[in-house]
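See structure below.
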Amino acid sequence: VQIFNAADELVFVVDYDDGGDWPSECDGDGPSLVLASTACPDYNDPNCWIAGPDWGTPGIIEGTVATASTSLGSLKALFR
Numbered sequence: 100v101q102i103f104n105a106a107d108e109l110v111f112v113v114d115y116d117d118g119g120d121w122p123s124e125c126d127g128d129g130p131s132l133v134l135a136s137t138a139c140p141d142y143n144d145p146n147c148w149i150a151g152p153d154w155g156t157p158g159i160i161e162g163t164v165a166t167a168s169t170s171l172g173s174l175k176a177l178f179r
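Quick look at the structure:
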């Protein structure tokens with residue numbers, strides 16, 4: 100999965116696999132894949148991800164991303 104900003108610059112990449120230790124519910128027909136914590140040291144680690152709501156939450160920041168303890172710097176890094 101690659102995410103680009105408005106200037107077409109790569110800002111995030113993760114190598115997702117719908118097998119192994121990845122949340123099996125997130126294989127394209129139901130829950131979205133949600134980052135469990137911005138404190139995760141390696142976003143390619145399947146244990147850093149959880150199954151989110153069915154069909155995602157378009158236009159809404161997931162609660163696991165934005166919390167009271169999330170620093171402004173962390174949010175800026177996610178939404179460049």
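Per my numbering, residue 100 is the first one in the sequence shown, and the count goes up by one each step. Ideal Cβ positions, reconstructed from N, Cα and C, are used throughout, including at glycine.
1) Please state if the CB of G129 and the CB of W154 are separated by a distance shorter than 9 Å.
2) Report the residue from L109, V113, A105 whose alpha carbon sits nearest the alpha carbon of L134.
3) Using C-beta distances below 8 Å, list every residue in its chain close to S123, excluding the 5 sequence neighbours before and after it, in chain order.
4) Run through DSSP, which three-state label would P145 get?
5) Please report the straight-line C-alpha distance between E108 and Y115, rounded to a whole angstrom.
6) CA-CA distance, D105 and D120?
According to the structure data:
1) Within the sequence shown, the letter at position 55 stands for residue 154. Within the sequence shown, the letter at position 30 stands for residue 129. Yes.
2) As a first step, residue 134 is located in the sequence shown; it is residue number 35 there, counting from the start. Minimum Cα distance to L134 is reached at V113.
3) On the sequence shown, residue 123 is found 24 positions in, with the first residue counted as 1. Around S123: D117.
4) If you number the sequence shown from 1, residue 145 lands on position 46. DSSP places P145 in helix when its eight states are reduced to three.
5) Translated into the one-based positions of the sequence shown, residue 108 becomes position 9. Translated into the one-based positions of the sequence shown, residue 115 becomes position 16. Roughly 20 Å between the two C-alpha positions.
6) Here residue 105 corresponds to residue number 6 of the sequence shown, with the count starting at 1. Here residue 120 corresponds to residue number 21 of the sequence shown, with the count starting at 1. The question names Asp, but residue 105 in the sequence shown is Ala. Cα to Cα, A105 sits roughly 32 Å from D120.
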